[in-house]
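What the sequence shown shows, in the numbering used here, is residues 31 to 878, in sequence order.
Even glycine gets a Cβ: it sits at the ideal position worked out from N, Cα and C.
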Amino acid sequence: MPGAAGRGIAAIVVGIGALAGAACGDNVTPPPVVVETGGVRITVTEAPARIEVVRLADGEVIFDGLPGGVAGTADAPHVLAAFRAATPDIETQVGAFRIVDDKTAPWTGVEALRGVHATGGGVAFDLVGGGDVIGTGAITVGAVADADGAGVDVAITLAAAPALGANRASIAYRCGADEHLLGLGGQSFDVDHRGQTVPLWVEEDGISKRPDDEYEGVWFLSGRRHSTHTPMPMMLSSRGFAAAVDTPARAVFALCSEADADAALDHEVVRLEAWQGTIALHLFVPTIDPDDHRVALDHALTLMTGWVGRPIDPPRPWVFAPWLDAIYGSAEVRRVAQALRDADVPASVLWTEDWRGGNDEGTGYVLEEDWHVDRALYPDFEAVADDLHAAGYKFLVYFNTFLDEEADVFAEALAADYEIHHADGTPYLFTGVKFRDATMLDLSNPDAVTWGKGILDEALALGSDGWMADFAEWLPHDATLASGEDAMLAHNRYPVAWARLNHEVFHDAGGRIDALAFVRSAWLGSQPYVDVVWAGDQQTDWSEGDGLPSVIPMGLGLGLTGFPYYGHDIAGYMSQLTEPSTKELWFRWCALGALSPVMRTHHGRDARNNWRWDADAETTAHLRRWATLHTQLFPYFTWLAARAQQAGTPLMRPVALGYPDAGAWAWTSTDEYLLGDRILVAPVITEGATTRAVELPAGDWYPLAGGAAVAGGAAVTVDAPMTELPAFVPAGSILVLLPEGVDTLVPTPDDATVVSDDELDGARVVVVWPGVSTTGTDTLDGYAWTGRAAGAAAPATATFDGADVAVTAGAGYVAVAVPGPGVVVFDGGGTVTIPDGAGAVEVRLIQP
Numbered sequence: 031m032p033g034a035a036g037r038g039i040a041a042i043v044v045g046i047g048a049l050a051g052a053a054c055g056d057n058v059t060p061p062p063v064v065v066e067t068g069g070v071r072i073t074v075t076e077a078p079a080r081i082e083v084v085r086l087a088d089g090e091v092i093f094d095g096l097p098g099g100v101a102g103t104a105d106a107p108h109v110l111a112a113f114r115a116a117t118p119d120i121e122t123q124v125g126a127f128r129i130v131d132d133k134t135a136p137w138t139g140v141e142a143l144r145g146v147h148a149t150g151g152g153v154a155f156d157l158v159g160g161g162d163v164i165g166t167g168a169i170t171v172g173a174v175a176d177a178d179g180a181g182v183d184v185a186i187t188l189a190a191a192p193a194l195g196a197n198r199a200s201i202a203y204r205c206g207a208d209e210h211l212l213g214l215g216g217q218s219f220d221v222d223h224r225g226q227t228v229p230l231w232v233e234e235d236g237i238s239k240r241p242d243d244e245y246e247g248v249w250f251l252s253g254r255r256h257s258t259h260t261p262m263p264m265m266l267s268s269r270g271f272a273a274a275v276d277t278p279a280r281a282v283f284a285l286c287s288e289a290d291a292d293a294a295l296d297h298e299v300v301r302l303e304a305w306q307g308t309i310a311l312h313l314f315v316p317t318i319d320p321d322d323h324r325v326a327l328d329h330a331l332t333l334m335t336g337w338v339g340r341p342i343d344p345p346r347p348w349v350f351a352p353w354l355d356a357i358y359g360s361a362e363v364r365r366v367a368q369a370l371r372d373a374d375v376p377a378s379v380l381w382t383e384d385w386r387g388g389n390d391e392g393t394g395y396v397l398e399e400d401w402h403v404d405r406a407l408y409p410d411f412e413a414v415a416d417d418l419h420a421a422g423y424k425f426l427v428y429f430n431t432f433l434d435e436e437a438d439v440f441a442e443a444l445a446a447d448y449e450i451h452h453a454d455g456t457p458y459l460f461t462g463v464k465f466r467d468a469t470m471l472d473l474s475n476p477d478a479v480t481w482g483k484g485i486l487d488e489a490l491a492l493g494s495d496g497w498m499a500d501f502a503e504w505l506p507h508d509a510t511l512a513s514g515e516d517a518m519l520a521h522n523r524y525p526v527a528w529a530r531l532n533h534e535v536f537h538d539a540g541g542r543i544d545a546l547a548f549v550r551s552a553w554l555g556s557q558p559y560v561d562v563v564w565a566g567d568q569q570t571d572w573s574e575g576d577g578l579p580s581v582i583p584m585g586l587g588l589g590l591t592g593f594p595y596y597g598h599d600i601a602g603y604m605s606q607l608t609e610p611s612t613k614e615l616w617f618r619w620c621a622l623g624a625l626s627p628v629m630r631t632h633h634g635r636d637a638r639n640n641w642r643w644d645a646d647a648e649t650t651a652h653l654r655r656w657a658t659l660h661t662q663l664f665p666y667f668t669w670l671a672a673r674a675q676q677a678g679t680p681l682m683r684p685v686a687l688g689y690p691d692a693g694a695w696a697w698t699s700t701d702e703y704l705l706g707d708r709i710l711v712a713p714v715i716t717e718g719a720t721t722r723a724v725e726l727p728a729g730d731w732y733p734l735a736g737g738a739a740v741a742g743g744a745a746v747t748v749d750a751p752m753t754e755l756p757a758f759v760p761a762g763s764i765l766v767l768l769p770e771g772v773d774t775l776v777p778t779p780d781d782a783t784v785v786s787d788d789e790l791d792g793a794r795v796v797v798v799w800p801g802v803s804t805t806g807t808d809t810l811d812g813y814a815w816t817g818r819a820a821g822a823a824a825p826a827t828a829t830f831d832g833a834d835v836a837v838t839a840g841a842g843y844v845a846v847a848v849p850g851p852g853v854v855v856f857d858g859g860g861t862v863t864i865p866d867g868a869g870a871v872e873v874r875l876i877q878p
């Protein structure tokens with residue numbers, strides 16, 4: 031298990047079916063073994079092999095395993111379980127992998143189970159195929175130790191006997207009717223993966239992705255539908271449970287997608303395959319509130335993220351402030367920093383990826399691959415860092431694990447054998463990102479890790495506050511590692527090791543330092559170590575799978591699999607095979623970034639030609655407006671982050687997570703999402719569009735930017751000029767914001783011209799909307815709003831703790847200003863409770 035350990039639960043055997051009247055040795059198949067434990071019932075049948083898991087509270091069949099049987103040479107064995115030994119054809123170039131499995135290798139199906147017996151926490155048995163024992167199986171049930179609510183982890187583990195030589199294991203069960211299956215990490219085309227067969231292997235996303243998984247043309251440059259840096263063998267079912275396959279190996283999730291060669295098999299199948307001789311399927315089953323669909327989904331995520339591990343460290347406050355890029359040397363970084371302040375654009379981070387060097391080349395602005403500061407571009411790097419810190423900025427740089435043949439550390443690293451190797455002991459060289467020989471740091475070598483940490487420590491000593499921790503997808507499948515691990519099994523874990531290395535650099539003897547890394551690659555087990563994940567290198571265009579639209583499904587899939595702190599490059603990175611970013615694209619992407627957990631710009635590969643925030647006054651004003659909103663959302667983000675740390679609830683989430691019964695669209699939508707529990711975001715992702723259709727759950731919804739309520743329960747068409755992003759809150763909502771005018775979330779004690787949030791003494795703006803929340807009273811971080819009749823006239827008076835308080839009029843709202851904790855009551859209805867510890871508060875009641 032990658033994360034928290036489960037607790038065993040005592041089992042009650044409710045039926046082992048005594049064989050009344052059967053003599054010893056009679057050839058009689060025993061009845062099923064039935065075990066009830068932890069709120070689930072497990073039924074295991076010997077012949078044909080069968081496993082069923084049922085939630086007792088509502089009778090929901092969580093796992094309805096297919097019957098055992100002979101698998102033969104079928105590519106997709108539609109039996110309970112099967113094993114095979116196969117040798118795939120694998121080719122790798124520039125971080126992409128062409129993997130074609132040997133489909134002629136026969137499967138050995140599990141036909142029956144033998145020796146089925148109850149254990150202290152479940153059931154154990156042997157696996158039988160062809161009359162012989164071909165492996166072992168066990169089902170255990172444990173409570174996830176830090177689960178927020180009752181629930182269990184039902185682990186079904188099936189292992190082939192060593193004599194079988196298997197390196198593939200498959201398990202299959204029936205799809206639920208109309209079941210939606212979400213998650214699987216950073217998938218760029220789909221949110222609901224039902225009907226898809228999804229290969230899960232860490233690799234480059236590719237450039238301008240295909241809508242299928244075929245290897246055609248220049249396959250190593252063009253991505254495929256499911257190629258991703260961040261695949262996760264984890265998913266959430268609309269039936270109120272979650273599932274994960276615990277494996278370091280390549281996996282294949284066939285989700286009600288495979289053609290059925292057996293006409294007698296009249297149902298769709300979920301088939302999960304791991305490329306090793308064991309498959310370990312975990313079913314995370316909430317056992318309370320099964321009738322409350324939303325609560326069940328919430329608990330399922332809590333159970334699964336508790337198992338895999340949530341971020342060890344809560345996010346730095348400045349994670350939720352705008353991050354701006356600055357390159358081309360010391361003078362330009364200083365210019366950008368000052369220009370942002372002069373333009374009143376709030377920003378707390380400048381990040382400088384060319385600190386190790388960069389050059390204009392035929393393919394754009396290309397980084398050098400050194401590991402130390404470039405003193406030609408940044409002769410006074412330390413002074414730049416000091417200046418940025420004084421102005422209220424954190425200063426981030428760049429690292430990856432490549433050892434380029436012209437890099438300043440290449441000779442040193444190879445002399446110490448810190449690189450990966452061929453089987454004959456020679457350095458494993460491949461064509462790197464600079465199209466010359468390169469290799470990678472061997473993260474299985476403790477000495478290499480220590481050496482790498484030392485260089486990263488040097489960057490901190492120079493004054494940086496962290497970095498983009500790039501790549502980590504390229505480990506060749508046939509490399510030889512210092513640990514002796516099979517690289518096919520180590521490949522997916524390489525980004526886990528890279529994230530862990532960075533995490534450890536930020537922890538000294540005194541605890542966590544105020545720095546972070548943001549990564550683009552991950553696998554099962556990365557979650558505890560990742561501060562921020564970003565979507566990777568999108569195209570600077572509107573393409574479905576690799577442009578602006580792609581970052582929405584990626585963020586939703588990553589959030590559901592344990593990565594709550596997510597962002598993307600505004601406005602894309604890669605311009606190969608497409609045009610540089612345009613003003614329209616920049617406007618749309620900037621607004622989407624503002625309503626994402628992490629708002630970060632990127633100059634992009636074609637840095638000289640891409641649209642930039644300071645390209646004209648209108649663009650600067652657009653950034654100012656949306657960066658201001660993102661900064662004001664800081665109290666909301668921190669409240670959501672506390673829930674993410676405690677329960678694994680993502681900040682960016684599918685609409686179905688809040689409104690599971692709104693309709694199929696809430697499960698499948700790739701262009702709408704919830705930011706937290708109360709902002710529905712509907713970005714414009716189509717070039718030239720000035721309106722868009724928005725699906726809204728039932729009830730009244732108010733535009734976040736102001737305006738009259740819109741009736742939900744059906745699609746509505748809304749205006750969306752280039753400057754706008756449609757976003758809505760449900761009637762009766764409360765939102766807690768920072769006041770306008772905050773420049774940074776980084777303290778600036780020596781600069782009176784820069785306003786940081788620590789100077790506010792807890793001051794907040796509390797916005798409340800008419801109507802009544804579905805919960806009656808809406809709450810957020812201790813603040814509460816009872817709601818108010820929709821359509822009521824604006825209140826002329828209000829009280830604060832019983833005393834009259836002035837009501838002032840604003841643009842689309844009325845407001846009262848109060849000094850701190852207490853109760854505001856509006857004339858005509860509506861009460862706002864302000865918690866202890868609050869500073870001065872302006873309460874704004876929206877009046878459309």
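message: Check this for me: beta carbons of V109 and A202, under 9 Å apart or not?
response: yes
task: Could you tell me if N430 is buried or exposed, where buried requires 16 or more neighbouring beta carbons within 10 angstroms of its beta carbon?
output: buried
- prompt: By how many angstroms is the C-alpha of G585 removed from the C-alpha of A34?
  reply: Reliability of the predicted coordinates at A34 is poor, the pLDDT of 48 falling under 50, and the value obtained from them is presented with this limitation in mind. So the two alpha carbons sit approximately 24 Å from each other.
message: I need the straight-line Cα distance from S474 to P61, nearest angstrom please.
response: 49 Å
query: Can you tell me whether DSSP reads P897 as helix, strand or coil?
result: The structure shown does not extend to residue 897, since the chain is modelled only from 31 through 878, so no value can be given for it.
message: I need the DSSP call for T570, collapsed to helix, strand or coil.
response: coil
field: Backbone CA spacing between A826 and R874 [nearest angstrom]
entry: 13 Å
- prompt: Would a C-beta distance cut-off of 9 Å place P800 and G762 closer than the cut-off?
  reply: yes
- request: Go through the region 233-283 residue by residue and report every complete run of the alpha helix (DSSP H) that reaches 4 residues or more, in order.
  value: none
message: Pop quiz: F113 and A199 are said to be a contact at Cβ under 8 Å. What is the actual Cβ separation, rounded to whole angstroms?
response: 5 Å
task: Indicate the three-state DSSP secondary structure (helix, strand or coil) for F155 in the structure shown.
output: strand
- prompt: According to the neighbour-count rule (16 or more other Cβ atoms, all chains shown, within 10 Å of its Cβ), is E303 buried or exposed?
  reply: buried
- request: May I ask which residues mark the beginning and end of the alpha helix (DSSP H) holding D417?
  value: F411 to A420
query: Applying the criterion that 16 or more other CB atoms from any shown protein chain within 10 Å of the CB defines a buried residue, is H147 buried or exposed?
result: exposed
- prompt: How many whole angstroms separate the CB atoms of G307 and A189, which I take to be in contact at a CB cut-off of 8 Å?
  reply: 7 Å
message: Let me make sure I understand the geometry here. Which of F432, D561 and V549 has the alpha-carbon closest to that of I886?
response: This structure leaves residue 886 out entirely; the chain is present only between 31 and 878.
- request: Look at the alpha carbon of V740 and the alpha carbon of A819, and state the distance between them as a whole number of angstroms.
  value: 15 Å
query: Of all the options E362, L327 and E717, which has the alpha carbon lying nearest to the alpha carbon of W619?
result: E717
- request: With DSSP as the reference, label I450 as helix, strand or coil.
  value: coil
- prompt: Measuring CA to CA, which of W643, E648, A624 and A750 is closest to F667?
  reply: A624
- prompt: From the beta carbon of G602, is the nearest beta carbon of chain D less than 9 Å away?
  reply: Absent from the structure is chain D; it holds one protein chain and no more.
- prompt: Going by C-alpha distance, which of E449, R654, V796 and A491 is nearest D416?
  reply: A491
Residue from L653, S218 and F501 with nearest C-alpha to K11: One cannot answer for residue 11 here, as it falls past the ends of the chain, which runs 31 to 878.
message: In whole angstroms, give me the CA-to-CA distance for F548 and D780.
response: 29 Å
query: What is the DSSP secondary structure of S580, counted as helix, strand or coil?
result: helix
- prompt: Do V563 and T260 have their C-beta atoms closer together than 9 Å?
  reply: yes
query: Going straight from the alpha carbon of Y559 to that of F593, what length do you get?
result: 10 Å
field: Minimum C-alpha distance to A552 - residue among H533, L531 and E503
entry: E503
field: Outcome for K424 when other beta-carbon atoms lying within 10 angstroms are tallied against a minimum of 16
entry: buried
task: Please go through the region 444-518 and give each complete alpha helix (DSSP H) segment of 4 or more residues, from N-terminal end onward.
output: 476-492
- request: Give the straight-line distance between the Cα atoms of D454 and R530, rounded to the nearest whole angstrom.
  value: 29 Å
message: Check whether the region 493-508 and the region 263-279 touch, using three or more Cβ-Cβ pairs below 8 Å as the test.
response: no
field: CB of I29 within 9 Å of CB of V74, strictly
entry: The structure shown does not extend to residue 29, since the chain is modelled only from 31 through 878, so no value can be given for it.
- prompt: Any idea if F155 is buried or exposed, counting beta-carbon neighbours within 10 angstroms, 16 or more meaning buried?
  reply: buried
- request: Could you give the DSSP three-state label for G51: helix, strand or coil?
  value: Low confidence applies here, because G51 scores a pLDDT of 35, under 50, leaving its location unreliable; read the following figure in that light. Correct three-state label for G51: coil.
message: Whole angstroms are fine: how far does the CA of T570 sit from the CA of S611?
response: 5 Å
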